[in-house]
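In my numbering, the protein residues as written are 207 to 550.
Cβ coordinates follow ideal geometry from the N, Cα and C atoms, glycine included.
Since the model is a prediction, treat every value here as computed from it, not as a measurement.
Encoded structure:
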């Protein structure tokens, strides 16, 4: 059969793959990434697609580390980002102490494990940058054995968890270009689900850490007072705490936005942010003597120090969310734009 040069299928403006009915990588990108399609619908047809503003006011960022860093810096100086971070910090402090009481209660009443109770204290020493002994001493007093306090801790944890996740949802919806937030009841359900998942993650980490201590005591033939045992136990504790932190960031990035997010888009960021958060904590501890909150706030310096660390943690979390969303969408849109231009 002779080839007709005027046949559109063999025109130089159409890829040969389309003539053969084979899906190109660009077709697969458009088909498999509905998030990109949704954002492309917001681009002005009369303007250059690459220069068109994205929903939420962000510009399409050029690939490369430096443009991404500059865009991230611009995001972090927005007033609404600081508002979200302060809101998350305040509610995190309100939920922290009931959460510790709940962990101690579960360790005592459910598992009847003194070793797990001690691991809770060690975990809090790992997570909190300041006032660890003061906090844990008072939390242990509250957890023994006052049923009214324990019930109130559960109620407060459910209430304050909503205060943590509600502003986070709004912030994450913004970075992913989602215009509609969940309803109040839907957000309550998601917040309770995330709080339950975080609690289960914490208990699992505590139980595994307590279990490995038992195993390590066998390996060291009961010589638990040796420096080698202490160093090995410290490394394992840090490892479990780091893994728990990474999984926490992943759950927030993946589940909280009001749309389906590809796990692969946020998992690398969760790992990186978990490592950055751990490093930032030690940097914050080194800076505490120069900040000298005790001189300004007197006996309240521990609360202020924890509040400031929660605020910094909120900024780190939001920075990771913005970076992952911006990078994923920017690169995906650049993959789909040639396919759409070829169809015009």
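Residue i versus residue j: straight-line alpha-carbon distance, rounded
i, j, result
"residue 390", "residue 423", "49 Å"
"residue 467", "residue 460", "6 Å"
"residue 359", "residue 299", "13 Å"
"residue 255", "residue 485", "In this prediction, residue 255 scores a pLDDT of 32, lower than 50, which makes its location untrustworthy; no coordinate-derived value is stated."
"residue 471", "residue 478", "12 Å"
"residue 166", "residue 476", "Outside the shown range of the chain, which is 207 to 550, sits residue 166, and nothing can be said about it."
"residue 320", "residue 502", "38 Å"
"residue 431", "residue 499", "36 Å"
"residue 469", "residue 534", "11 Å"
"residue 420", "residue 442", "12 Å"
"residue 392", "residue 455", "21 Å"
"residue 515", "residue 333", "11 Å"
"residue 330", "residue 338", "7 Å"
"residue 403", "residue 505", "34 Å"
"residue 376", "residue 283", "17 Å"
"residue 275", "residue 426", "47 Å"
"residue 291", "residue 496", "23 Å"
"residue 340", "residue 315", "23 Å"
"residue 401", "residue 361", "12 Å"
"residue 289", "residue 317", "40 Å"
"residue 433", "residue 405", "32 Å"
"residue 302", "residue 408", "13 Å"
"residue 366", "residue 457", "18 Å"
"residue 343", "residue 327", "9 Å"
"residue 474", "residue 509", "32 Å"
"residue 410", "residue 386", "34 Å"
"residue 435", "residue 488", "23 Å"
"residue 271", "residue 313", "45 Å"
"residue 346", "residue 507", "21 Å"
"residue 309", "residue 492", "29 Å"
"residue 285", "residue 440", "40 Å"
Span of the alpha helix (DSSP H), counted from its first residue to its last, around residue i
i, result
"residue 383", "Looking at the DSSP string, residue 383 is not in any alpha helix (DSSP H), and its letter there is neither H nor E."
"residue 391", "390-425"
"residue 504", "Careful: residue 504 lies outside any alpha helix (DSSP H) and carries neither H nor E."
"residue 436", "433-461"
"residue 273", "271-282"
"residue 468", "Residue 468 -> no alpha helix (DSSP H), and no H or E assigned at all."
"residue 331", "320-333"
"residue 288", "285-311"
"residue 340", "338-349"
Own chain, CB closer than 7 Å to residue i, minus 5 neighbours either side, in chain order
i, result
"residue 325", "412, 415 and 416"
"residue 518", "486 and 490"
"residue 280", "none"
"residue 305", "363"
"residue 483", "451, 519 and 522"
"residue 445", "none"
"residue 438", "422"
"residue 480", "448, 451, 452 and 455"
Beta-carbon proximity list for residue i, same chain, < 8 Å, skipping 5 on both sides
i, result
"residue 513", "295, 296 and 299"
"residue 287", "281, 377, 521 and 524"
"residue 462", "371, 374, 375, 378, 396 and 400"
"residue 494", "335, 336 and 511"
Close Cβ partners of residue i (< 6 Å) along its chain, the five nearest in sequence each way excluded
i, result
"residue 418", "442"
"residue 511", "336 and 499"
"residue 388", "464"
"residue 293", "373"
"residue 322", "313, 412 and 416"
Should the stretch 379-396 be called in touch with the stretch 523-538, which here means at least 3 C-beta pairs below 8 Å?
In this structure the stretch 379-396 lies against the stretch 523-538, because at least three pairs of beta carbons, one per stretch, are closer than 8 Å.
Stretch pair the stretch 365-378 + the stretch 395-407: three plus CB contacts closer than 8 Å:
Yes, the stretch 365-378 is in contact with the stretch 395-407.
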